[in-house]
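What follows is one structure encoded as structure tokens, with my remarks underneath.
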Amino acid sequence: IGGSFIDFVHPRDRNTFASQITNGLAVPKSINSTHEKDNSSNNSSTIVCRIRRYRGFNSGFSVTDRFVSFMTFLLKFSFKNINEEDGIVTYLVIQATPLYSAFKEPDECLKKSVPFVIRHAANGLIEYIDPESVPYIGYLPQDLTNKYALELYHPDDLNYLRQVYETIVKEGGVPRSKPYRMLTQNGDFIKLETEWSSFINPWSKKLEFVIGKHHIVAGPSNPDVFQLPNAEKMLKPTEDEKNKAKMLRDNIIRIMNEVLTKPAEAAKQQMSKRCHDLAVFMESLMEESPKIEDNLRVDIQDADLNYLERESVMLGGI
Numbered sequence: 001i002g003g004s005f006i007d008f009v010h011p012r013d014r015n016t017f018a019s020q021i022t023n024g025l026a027v028p029k030s031i032n033s034t035h036e037k038d039n040s041s042n043n044s045s046t047i048v049c050r051i052r053r054y055r056g057f058n059s060g061f062s063v064t065d066r067f068v069s070f071m072t073f074l075l076k077f078s079f080k081n082i083n084e085e086d087g088i089v090t091y092l093v094i095q096a097t098p099l100y101s102a103f104k105e106p107d108e109c110l111k112k113s114v115p116f117v118i119r120h121a122a123n124g125l126i127e128y129i130d131p132e133s134v135p136y137i138g139y140l141p142q143d144l145t146n147k148y149a150l151e152l153y154h155p156d157d158l159n160y161l162r163q164v165y166e167t168i169v170k171e172g173g174v175p176r177s178k179p180y181r182m183l184t185q186n187g188d189f190i191k192l193e194t195e196w197s198s199f200i201n202p203w204s205k206k207l208e209f210v211i212g213k214h215h216i217v218a219g220p221s222n223p224d225v226f227q228l229p230n231a232e233k234m235l236k237p238t239e240d241e242k243n244k245a246k247m248l249r250d251n252i253i254r255i256m257n258e259v260l261t262k263p264a265e266a267a268k269q270q271m272s273k274r275c276h277d278l279a280v281f282m283e284s285l286m287e288e289s290p291k292i293e294d295n296l297r298v299d300i301q302d303a304d305l306n307y308l309e310r311e312s313v314m315l316g317g318i
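The numbering of the sequence shown is the UniProt record's numbering, which starts it at 1 and goes up by one.
Laid out in structure tokens, this is it:
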């Protein structure tokens, strides 16, 4: 009691924590106090962050042997106004719910799992990730935001995913993909199937972002997704494998930015049809123009003959 709560927040999560509070304070307050009471429950927001575990009194006072551990929580923020002697004081109320790994056994097949959404831009950078993903992959949303989504895919699945992304760009989406693997925080991989959709800019006809709704099929070999990765068990690809994976990732990025989308292809076909129709029309004009010139020549010749005949008649009369 009396300590700063933010001191218990993991250093990597403090900026997210502080910005969430700032956003809450920046919301305009209701002028009417009755409306203020009604809206108090609606002004709440949630984030996921890591909170330092309580060390306990038995841990001693040694500084050198202390190991700081953190636990992942879903925090629900709300602001509450309380009348005190000095006036109305605003308090920050935090409801913390611990989050645990969704898996209990190695390579566990889940019959019921909550699907989660990841959205990334055409350059591959993650723009949004559901908090519901945390128990399945171990990463927090702030860990992955502005990171490359393609880095999460298993290198051996990139060739198949390249075909998937090509279909997404050309057709706008994929109803449901085949199972493939995604990286978890502990260094293992979960197996999932994904419903893919995309957003095409209506003006530029280019792909803006890709949305994946992920359904878990099987868990990782290490069921605790919140553990730190074990360097000995992580993938150790050769230089050739690294270069091949990079080439496939670059190819997927190129597909998202250069391959024509379905609206762009339709616009191109429509433009080609207009150009073809215009060319046919111009050819028809060119074919008709000699006939018009021939008709003009005949009319001119007839007119000249009539004039000569009139002159000969006049001369004969004289």
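Ideal Cβ placement from N, Cα and C applies to all residues, glycine included.
Check                                                                                                              : Outcome
Contact set for residue 10: own chain, Cβ-Cβ below 8 angstroms, skip 5 residues either direction                   : 49, 50, 51, 52, 70
Where residue 228 falls, given that 16 or more other Cβ within 10 Å makes a residue buried                         : exposed
Helix, strand or coil at residue 53 [DSSP, three-state]                                                            : coil
CB-CB length for residue 209 against residue 127, believed under 8 angstroms                                       : 6 angstroms
3-residue-minimum beta strand (DSSP E) runs that sit fully inside the segment 133–182, ordered along the chain     : none
The segment 156–164 / the segment 223–239 touching (three or more Cβ pairs under 8 angstroms)                      : no
Cβ of residue 78 within 8 angstroms of any chain D Cβ                                                              : The structure shown has no chain D; it contains just one protein chain.
Residues sharing a beta bridge with residue 196, DSSP                                                              : 174, 212
Neighbour-count burial assignment, residue 284, 16 or more Cβ in a 10 Å radius                                     : exposed
The segment 109–116 contacting the segment 83–95, beta-carbon criterion three pairs below 8 angstroms              : no
Alpha-carbon spacing of residue 17 relative to residue 187, whole angstroms                                        : 26 angstroms
Assigned secondary structure, residue 98 (DSSP; H/G/I helix, E/B strand, else coil)                                : strand
Rounded separation between residue 46 and residue 166 - CA only                                                    : 36 angstroms
The segment 161–181 contacting the segment 191–208, beta-carbon criterion three pairs below 8 angstroms            : yes
Residue 119, enclosing alpha helix (DSSP H) - first and last residue                                               : No alpha helix (DSSP H) contains residue 119, which is instead part of the beta strand (DSSP E) from 116–121.
DSSP bridge partner residues for residue 87 (one or two, in chain order)                                           : 84
The beta strand (DSSP E) enclosing residue 129, as first and last residue numbers                                  : 126–129
Among 241, 15, 225, 251, nearest to residue 139 - alpha-carbon criterion                                           : 225
Strand pairing of residue 71, partner residues [DSSP]                                                              : 51
As assigned by DSSP and simplified to three states, the class of residue 246                                       : helix
Residue 96 classed as buried or exposed, judged by whether at least 16 other C-beta atoms fall within 10 angstroms : exposed
From 218, 74, 124, residue whose alpha carbon lies closest to that of residue 321                                  : For residue 321 there is no data in the structure shown, the boundaries of the chain being 1 and 318.
Distance between residue 78 and residue 92 (C-alpha atoms, nearest Å)                                              : 6 angstroms
DSSP three-state assignment for residue 238, whether helix, strand or coil                                         : coil
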